[in-house]
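**Q** Per the numbering used here, residue 44 is the first one in the sequence shown, and the count goes up by one each step.
Pasting in a structure now, in structure tokens, and then I'll have a few things to ask.
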Amino acid sequence: MQAFLDRVDHTHAVWDRCFPAVSKPGPKLQRAAPKAKEGLTGQNLVREMLHRLEMFHRPGMPGALDLVVFIDDADCRFEGDTAKFQAWIAERHREVSAAAQNDELPFIALFASPEVEAWFLADLEQGLGREYEKLATGGKPLRAHVELLLGGPMATVESFGGGFVNGSCANKLSERFQSLIDRLGDRYSKRSQGQDMLRRIRPEKVAAVCQTYFRPQWLELLRSIRQAHAAKLAAAAPPPPRPTQ
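Below is the structure:
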């Protein structure tokens, strides 16, 4: 995820990462969390985020943050209801502001909907297409295999899943993705091939396809980074000379 965030912005932003907490590259917030914290998602991840903010990131403390970015699989929790999505963001923003004791702290939620595999499909050139460039078989291009998997065009990927059942999607994109790769004669591991694709995919390409959940928050993230950078430049600028008579 560190490489993906650097691709969002590596010029004006320095990313402090809280999770995953152990054995992966990227700076961590204050200290590494126990290995048991890896893989947190959903409300458990929200609770841990708020705990970290309460402990380490209040105004005036070393390492105070300019913004908070929450990254998770959507897992069909919003069921295509954008009002529900916006209400979730607004409620988490209130919690983040309270935990960090900073009402001005921006909060961004970058959801992979329904799962991170959606991003690998959205940037087909650097994701699935590059990782499995030999898998177009029988005269059928790889995009055709993907659209068959989705049951529709690529633009429908964020709505794949069939509803929210027992805390996740009724139909798991990751499982369908795995089955496609297996059927075409290769293998897929989220920790191996998934990490390789995550290092390459381009946020702007993901945003061009994932327009319901990802694109609006990605644009808000870019705006927040620019604002924070401008504020730092203004604070560091010397005061104008006093007029003399």
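All C-beta atoms in this analysis are idealised placements derived from N, C-alpha and C, irrespective of residue type, glycine included.
Since the structure is predicted, the reported quantities are computational estimates derived from the model, not experimental observations.
Short of 6 Å in beta carbon distance, which residues of its chain neighbour LEU192, apart from the five on each side in sequence? Order them along the chain.
**A** Once the five neighbours on either side are set aside, the close Cβ partners of LEU192 are ARG219, LEU223.
**Q** Between CYS119 and PRO157, how many whole angstroms is the CB-CB distance? I'm expecting something under 8 Å.
**A** Indeed, because the Cβ distance is near 5 Å, the residues count as touching under 8 Å.
**Q** Please classify PHE203: does DSSP put it in a helix, a strand, or coil?
**A** The answer is coil: DSSP assigns PHE203 none of H, G, I, E or B.
**Q** Classify PHE121 as helix, strand or coil using the three-state DSSP reduction.
**A** The answer is coil: DSSP assigns PHE121 none of H, G, I, E or B.
**Q** Let me know if GLY237 comes out buried or exposed under the rule of 16 or more other beta-carbons within 10 Å of its beta-carbon.
**A** Burial call: buried.
**Q** Give me the Cα-Cα distance between THR255 and PRO281, rounded to the nearest whole angstrom.
**A** The straight-line gap from Cα to Cα measures roughly 43 Å.
**Q** Mind checking GLY228: buried by the 16 CB within 10 Å criterion, or exposed?
**A** Result: exposed.
**Q** So is GLU134 buried or exposed if we call it buried at 16+ other beta carbons inside 10 Å?
**A** By the neighbour-count rule (16 or more Cβ atoms within 10 Å), GLU134 is not buried but exposed.
**Q** Out of LEU262, ASN214, GLU201, PHE99, point me to the one whose CA is closest to VAL159's CA.
**A** Of the listed residues, the one whose Cα sits closest to VAL159 is GLU201.
**Q** Restricting to Cα atoms, I'd like to know which of TRP58, ALA271, LEU171, HIS55 is closest to LYS248.
**A** The option with the nearest alpha carbon to LYS248 is LEU171.
**Q** Between VAL111 and LEU264, which are expected to be in contact by the criterion C-beta below 8 Å, what is the C-beta distance as a whole number of angstroms?
**A** About 10 Å; that fails the 8 Å criterion.
**Q** Where does the unbroken beta strand (DSSP E) through ILE268 begin, and where does it stop?
**A** ILE268 -> not in any beta strand (DSSP E); alpha helix (DSSP H) instead, spanning 257 to 279.
**Q** How close, in whole Å, do the beta carbons of LEU167 and ARG186 come, if the pair is a contact with beta carbons under 8 Å?
**A** Between ARG186 and LEU167 the Cβ distance is about 6 Å, and since that is below 8 Å, they are a contact.
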